[in-house]
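In our numbering, the protein residues as written are 1 to 265.
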Amino acid sequence: MSGTILALENVTVRFGGLAAVEAVSFHVEPQTVHGLIGPNGAGKTTAFNLISGLGHQSDGHIRFDGERIDDWPSWRRAQRGLGRTFQNIRMFGEMTALENVLAGMHAHVGGGLGAALLRLQSFRAAERAAILKAREILAFVGLADPSARAGNLPYGDQRRLEIARALASDPKLMLLDEPAAGMNPSETSGLIELLLRLKARGVTLLLVEHDMHFIMHLCDRITVLNFGRKIAEGTPLEVRSDPKVIEAYLGTKVAERLEAGARVR
Ligand SMILES: Nc1ncnc2c1ncn2[C@@H]1O[C@H](COP(=O)(O)OP(=O)(O)OP(=O)(O)O)[C@@H](O)[C@H]1O
Ligand SMILES: [Mg+2]
């Protein structure tokens with residue numbers, strides 16, 4: 001399957017009687033930004049959990065980078081290049097920015113703690129290299145002070161730190177769940193600029209976001225879910241003028257934006 005880094009094939013996730021995701025198929029092409037959108041409860045986070053190995057499908061298959069990953073634990077998916085950030089920020093608030101990034105890198109330092117203690121010299125060299133790399137990543141995402149306490153950072157910077165931590169494991173594909181949520185307009189445009197630099201660096205992005213300006217600006221392709229089902233797919237232009245998409249969002253602010261976008265066209 002060349003030309004595809006991630007493919008969901010007929011995936012269903014049930015919670016008791018409820019199908020949070022139902023017979024969904026879509027694929028993501030390498031080095032693109034792919035949007036996954038839909039109203040609240042559409043199944044976006046459930047799909048992300050599934051892809052990153054925090055939940056399992058009741059039916060269907062997932063392929064990542066040419067391999068079936070259905071039975072892989074989340075750590076193995078991460079090790080093979082699947083990174084993610086969370087809808088609700090998850091970080092170590094008491095630790096510094098640098099320590100948070102190092103925590104995201106642990107799998108890559110010196111072959112485990114036991115081996116590290118036996119080979120203290122090589123562990124120290126690996127640790128120095130890890131710190132250097134973590135500092136580079138923090139600079140890349142635009143965080144100037146590696147020793148800042150994560151919990152004290154402004155909200156927008158905490159979101160950047162989450163991205164930095166995900167970058168620590170060298171992801172080929174990064175899943176971002178509502179990265180712009182709660183950001184002010186200037187933080188949001190800073191984030192757009194950062195994600196475009198990530199794409200230029202060769203990282204494929206799969207993005208869940210309710211901010212339609214953000215989505216339409218960044219995405220090459222968009223898949224739309226509603227009540228767990230895929231209802232539309234295409235370029236931003238195609239998706240925002242699709243009557244099924246406008247109907248799904250009916251009565252929400254997003255609908256006004258979509259219709260405005262469709263009129264501009
Ligand atoms: N662990 C769970 N157990 C039971 N139901 C769940 C569970 N997780 C999610 N759901 C249900 O599955 C559906 C999809 O939820 P999900 O969180 O994936 O939606 P979402 O598209 O991410 O929504 P939002 O935009 O609000 O974040 C919802 O009806 C939700 O209540
Ligand atoms: Mg969600």
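Here a beta-carbon is modelled for each residue, glycine too, at the ideal position from N, C-alpha and C.
These numbers were taken from a predicted model, which means no experiment stands behind them.
Can you give me the start and stop residues for the alpha helix (DSSP H) that residue i sits inside?
i	result
Ala-5	The question names Ala, but residue 5 in the sequence shown is Ile. From DSSP, Ile-5 is part of no alpha helix (DSSP H); its letter is neither H nor E.
Glu-238	236-240
Using a Cβ-Cβ cutoff of less than 8 Å, which residues in the same chain neighbour residue i once the five nearest sequence positions on both sides are dropped?
i	result
Leu-225	Val-21, Val-24, Leu-36, Ile-37, Gly-38, Ala-42, Gly-43, Lys-44, Ala-47, Ile-231
Val-254	Pro-39, His-210, Met-212
Ser-74	Ser-52, Gly-53, Leu-54
Glu-94	Arg-149, Ala-150, Gly-151
Ala-200	none
Comparing alpha-carbon positions, which option in the options lies nearest residue i?
i	options	result
Leu-98	Trp-72, Ala-144, Asp-65, Leu-54	Ala-144
Leu-161	Ser-147, Leu-173, Lys-172	Ser-147
Val-11	Asp-65, Asp-70, Gly-66, Ile-5	Asp-70
Glu-67	Arg-128, Ile-51, Val-33	Ile-51
Gly-83	Tyr-155, Asp-170, Leu-6	Asp-170
Gly-202	Gln-158, Met-174, Thr-188	Met-174
Asp-177	Ile-89, Leu-194, Gln-31, Thr-32	Ile-89
Gly-182	Glu-193, Lys-172, Gln-158	Gln-158
Gly-190	Ile-62, Pro-236, Phe-86, Tyr-155	Tyr-155
Asp-59	Gln-31, Arg-14, Gly-81	Arg-14
Gln-31	Arg-197, Thr-252, Val-245	Arg-197
Sorted by chain position, which residues of the same chain lie with C-beta nearer than 7 Å to residue i's C-beta, five sequence neighbours on each side aside?
i	result
Phe-26	Leu-8, Thr-223, Lys-230, Glu-233
Would you give the residue range spanned by the beta strand (DSSP E) that residue i belongs to?
i	result
Asn-226	221-226
Ser-25	18-28
Excluding the 5 residues flanking residue i on each side, which residues of the same chain have their C-beta closer than 6 Å to its C-beta?
i	result
His-108	Legend: pLDDT at His-108 = 47, less than 50; position of this residue unreliable, value from coordinates given subsequently. Cβ neighbours of His-108 beyond the five flanking positions: none.
Gly-228	Ala-19, Ala-20, Val-21, Glu-22, Gly-43
Ala-78	Ser-169
Lys-172	Gly-81
Length at least 4, wholly inside the segment 63-89: the alpha helix (DSSP H) runs in chain order: Whole alpha helix (DSSP H) segments, 4+ residues: 74-79.
Which full runs of the alpha helix (DSSP H) of 4+ residues lie inside the segment 131-202, going along the chain? Segments of the alpha helix (DSSP H) lying fully in the segment 131-202: 155-167, 185-200.
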